[in-house]
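Data first, discussion second: the structure below is written as structure tokens.
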Amino acid sequence: MRTGLITSIIAHLLIIFWGLFALPDTKPFDTSSVEALPVELVPISDLTSLQKGKKTAEVKDKPSPNKPAEKDSPKPAPTPPPPKPTPPSTPPPPKADPTPPAPKAEPTPPAPKAEATPPPTPAAPEKPAEPAPAPSPEPAVAPKPPEAEKVAEAPPPPPAPKPRVRPTPPTPTPPKPDQTAAAKPATPTQSTTDSKFDPDKISALLDRQKPTGSTQASQEPESFGAEEARNPTAMMSQSELDALRSQVQRCWNLPVGWTDPREVTVTIRFKLNQDGTVNGTPSIEQYPASNYGTVAAEGAVRAVLQCGPYQLPAEKYDQWSEVQMRFSPQG
Amino acid sequence: MNPADVGQAALDAPAASLSLITLFLNAHIVVKCVMLGLGFASIWSWAIIVDKVLLYGRVKRQIDRFEKVFWSGQSLEDLYRSLSSRPASAMAALFVAAMREWKRSFEAGARSPIGLQMRIDRVLDVTIARESERLESRLLFLATVGSAGPFIGLFGTVWGIMTSFQAIAASKNTSLAVVAPGIAEALMATALGLIAAIPAVIAYNKLASSSGKITGRLEGFADEFSAILSRQIDERN
Numbered sequence: 135m136r137t138g139l140i141t142s143i144i145a146h147l148l149i150i151f152w153g154l155f156a157l158p159d160t161k162p163f164d165t166s167s168v169e170a171l172p173v174e175l176v177p178i179s180d181l182t183s184l185q186k187g188k189k190t191a192e193v194k195d196k197p198s199p200n201k202p203a204e205k206d207s208p209k210p211a212p213t214p215p216p217p218k219p220t221p222p223s224t225p226p227p228p229k230a231d232p233t234p235p236a237p238k239a240e241p242t243p244p245a246p247k248a249e250a251t252p253p254p255t256p257a258a259p260e261k262p263a264e265p266a267p268a269p270s271p272e273p274a275v276a277p278k279p280p281e282a283e284k285v286a287e288a289p290p291p292p293p294a295p296k297p298r299v300r301p302t303p304p305t306p307t308p309p310k311p312d313q314t315a316a317a318k319p320a321t322p323t324q325s326t327t328d329s330k331f332d333p334d335k336i337s338a339l340l341d342r343q344k345p346t347g348s349t350q351a352s353q354e355p356e357s358f359g360a361e362e363a364r365n366p367t368a369m370m371s372q373s374e375l376d377a378l379r380s381q382v383q384r385c386w387n388l389p390v391g392w393t394d395p396r397e398v399t400v401t402i403r404f405k406l407n408q409d410g411t412v413n414g415t416p417s418i419e420q421y422p423a424s425n426y427g428t429v430a431a432e433g434a435v436r437a438v439l440q441c442g443p444y445q446l447p448a449e450k451y452d453q454w455s456e457v458q459m460r461f462s463p464q465g
Numbered sequence: 009m010n011p012a013d014v015g016q017a018a019l020d021a022p023a024a025s026l027s028l029i030t031l032f033l034n035a036h037i038v039v040k041c042v043m044l045g046l047g048f049a050s051i052w053s054w055a056i057i058v059d060k061v062l063l064y065g066r067v068k069r070q071i072d073r074f075e076k077v078f079w080s081g082q083s084l085e086d087l088y089r090s091l092s093s094r095p096a097s098a099m100a101a102l103f104v105a106a107m108r109e110w111k112r113s114f115e116a117g118a119r120s121p122i123g124l125q126m127r128i129d130r131v132l133d134v135t136i137a138r139e140s141e142r143l144e145s146r147l148l149f150l151a152t153v154g155s156a157g158p159f160i161g162l163f164g165t166v167w168g169i170m171t172s173f174q175a176i177a178a179s180k181n182t183s184l185a186v187v188a189p190g191i192a193e194a195l196m197a198t199a200l201g202l203i204a205a206i207p208a209v210i211a212y213n214k215l216a217s218s219s220g221k222i223t224g225r226l227e228g229f230a231d232e233f234s235a236i237l238s239r240q241i242d243e244r245n
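Below you can see the structure in the form of structure tokens.
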């Protein structure tokens, strides 16, 4: 009996050790990564921003592809907060944006001034802004143009002679229409403040910086962000998220008989076509584990299906092609 | 909520390892006991299997050798003298037991040949019963493991799934990532039950049939030898 027992024990141990090292570890299923746009029915305090980068990279204050992106498209400038992946309370960031326009021969606004007024150096960006615009530009400029614009204005006032150009500026702006589009629809007025557009000085308008190629040309390591965002700096503004939210909210009813509405938190995910219609059937990601859970989840799906097509900015389709939405009545 | 955060959370969730060891360590205490019990059952049943296979091979070889010697025409007296001190095999034990009874009766001057025949038969039966009991000992354990192992494993699985459902109810979260690990570790109990039971069942059937064959050969020899002795008794009277 002893030989049998010893043999058996040894064999079992061998098999266990073999299993530990030779058996492959369970491989996770391949899942395609989804760039979802979260929309919450709970009030959102911050803008959501999608940064181009790597999902596995560390979260950094400053997204690396940010720099080149700014040069290529001046969009980020008007909305200081967005470029930061971590919006919460980082006042310094805005600086990054306002500075480029003035010293760095940015797209249009600063350049003409450089020519018009010998002192291209924005040495006194803030100060001149106050006195010069006073005559007429100021009122038009509206109460609070972002810093960037002010700096741009700064030089022009001294030469001041030609404030009447006010109406014309719209022409130079078209190349960068997004400047205002992103966040605050109110800002459009600021573009008009770019006073003089002189065709002779077009060369000055040109960006003298060497083209950096794509936005990925940044030297810094990739930062945390979405991998597939083709338009890394475009983002859904709060108002646009609100729009989608309110469109869905119209159709969503809290299930009857719900005792504690705070428990209702349903997360569903759906795809949208370019025209705003819902593509396929929304999938339920999460629903409360109680009697009404499925009812609430199906109600949410129904709401999404009923309320389409949605009016959303077409140029940001990348952002809302796939939407993850959280339904929660407590908001 | 930042979409980046969502993505990161999704990446972090399945990070927990699901190797067999971690599955075992994370299991509920009841499930752990079941798994350990099944592990010991498996070890013990394999010990029995190895032991029995060796024993049966040995017994068969001894029987073959004894039969060759027995039918070689050697005198039974000589054979008895060489074997009586230590009967080497089951069949030799039969032979020695019957011969001893025969000699004892004759030396005492037996009067009734029928009574002698009956005694010899009874001695042979007792010896066969003793030998087959030695052959078949512990085989019943294999049968028990084979039939009860899956049930024990199933008990572990049911218990594990029960606790994992309780955990779901407590956390109010139905996502698969919450449910899956508990069910995986619970299913491991059934896997262990099957691992222990399958070899046990197969080995039990195989060993039971071999032991039946050996017992059959012993009985056949006993009948033959009893016939030989009976003829001797008749001749002497």
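These protein sequence lines are chains A and B, in that order.
According to our numbering, the first sequence is numbered sequentially starting from 135.
According to our numbering, the second sequence is numbered sequentially starting from 9.
No residue lacks a Cβ here, since even glycine has one placed at the ideal position from N, Cα and C.
The structure displayed is predicted, hence computed values, not measured ones.
Residue i at chain B interface by Cβ criterion, 9 Å
{"i": "A:A434", "result": "no"}
{"i": "A:A89", "result": "Only positions 135 to 465 of chain A appear in this structure, which leaves residue 89 of chain A out of reach."}
{"i": "A:P422", "result": "yes"}
{"i": "A:A448", "result": "no"}
{"i": "A:E419", "result": "yes"}
{"i": "A:A430", "result": "no"}
{"i": "A:S142", "result": "yes"}
{"i": "A:M135", "result": "yes"}
{"i": "A:G410", "result": "no"}
{"i": "A:L406", "result": "no"}
{"i": "A:A437", "result": "no"}
{"i": "A:G427", "result": "yes"}
{"i": "A:P217", "result": "Its pLDDT being 45, under 50, A:P217 is placed unreliably by the model, and the measurement read from it follows with that caveat. Not closer than 9 Å to any Cβ of chain B, the Cβ of A:P217 fails to qualify, so no."}
{"i": "A:P212", "result": "With a pLDDT of 45 at A:P212, under the threshold of 50, the predicted position of this residue should be treated as unreliable, and no value is reported."}
{"i": "A:Q350", "result": "Legend: pLDDT at A:Q350 = 47, less than 50; position of this residue unreliable, value from coordinates given subsequently. With 9 Å as the cut-off, A:Q350 does not count as an interface residue toward chain B."}
{"i": "A:L139", "result": "yes"}
{"i": "A:G414", "result": "no"}
{"i": "A:G442", "result": "no"}
{"i": "A:S455", "result": "no"}
CB contact check: residue i to chain A, cutoff 9 Å
{"i": "B:D231", "result": "no"}
{"i": "B:G154", "result": "no"}
{"i": "B:A55", "result": "yes"}
{"i": "B:G47", "result": "yes"}
{"i": "B:S50", "result": "yes"}
{"i": "B:L62", "result": "yes"}
{"i": "B:V67", "result": "no"}
{"i": "B:D72", "result": "no"}
{"i": "B:V58", "result": "yes"}
Distance CB(residue i)-CB(residue j) smaller than 9 Å
{"i": "B:S27", "j": "B:L200", "result": "no"}
{"i": "A:T141", "j": "B:A194", "result": "no"}
{"i": "A:G414", "j": "A:Y421", "result": "no"}
{"i": "B:Q125", "j": "B:L237", "result": "yes"}
{"i": "B:F159", "j": "B:S53", "result": "no"}
{"i": "B:T135", "j": "B:A96", "result": "no"}
{"i": "B:V39", "j": "B:T171", "result": "yes"}
{"i": "B:M107", "j": "B:E75", "result": "no"}
{"i": "A:L154", "j": "B:I203", "result": "no"}
{"i": "B:A208", "j": "B:A151", "result": "yes"}
{"i": "B:F78", "j": "B:M196", "result": "no"}
{"i": "B:I128", "j": "B:E115", "result": "no"}
{"i": "A:V400", "j": "A:F461", "result": "yes"}
Contacts around residue i, its chain only, beta-carbon distance under 6 Å, and the 5 residues preceding and following it disregarded
{"i": "A:A437", "result": "V382, C385 and W386"}
{"i": "B:L162", "result": "T198"}
{"i": "A:I418", "result": "I402 and A431"}
{"i": "B:W57", "result": "Checking the displayed sequence, the identity of residue 57 of chain B turns out to be Ile instead of Trp. Cβ within range, chain order: A211."}
Chain E contact residues for residue i, given Cβ-Cβ distances below 9 Å
{"i": "A:A156", "result": "The structure shown contains no chain E; its protein chains are A and B."}
Cβ neighbours of residue i in the same chain (closer than 8 Å, five flanking residues each side left out)
{"i": "B:N34", "result": "P189 and E193"}
{"i": "A:G410", "result": "G442, P443, Y444, Q445 and L446"}
Bridge partner(s) assigned by DSSP for residue i
{"i": "B:E193", "result": "Its beta-bridge partners do not exist; DSSP assigns none."}
{"i": "A:K405", "result": "A:N413 and A:E456"}
{"i": "A:F461", "result": "A:V400"}
{"i": "A:Q420", "result": "A:T401"}
Own chain residues within Cβ distance below 7 Å of residue i, not counting five before or after
{"i": "B:K216", "result": "Note on residue identity: the sequence assigns Ala, not Lys, to residue 216 of chain B. Answer for B:A216: L147, listed in chain order."}
{"i": "A:S455", "result": "K405 and L406"}
{"i": "B:A178", "result": "none"}
Practice task
Check distances from the C-beta atoms of the stretch 175–208 of chain B to those of chain A and list, in chain order, the residues that come in under 9 Å.
Solution key: Residues passing the 9 Å Cβ filter: I176, A177, S179, K180, N181, T182, S183 and A192.
Handout entry: Contact residues within the stretch 28–41 of chain B, judged by C-beta distance below 9 Å to chain A
Key = Of all residues in the stretch 28–41 of chain B, L28 and I29 have a Cβ within less than 9 Å of some Cβ in chain A.
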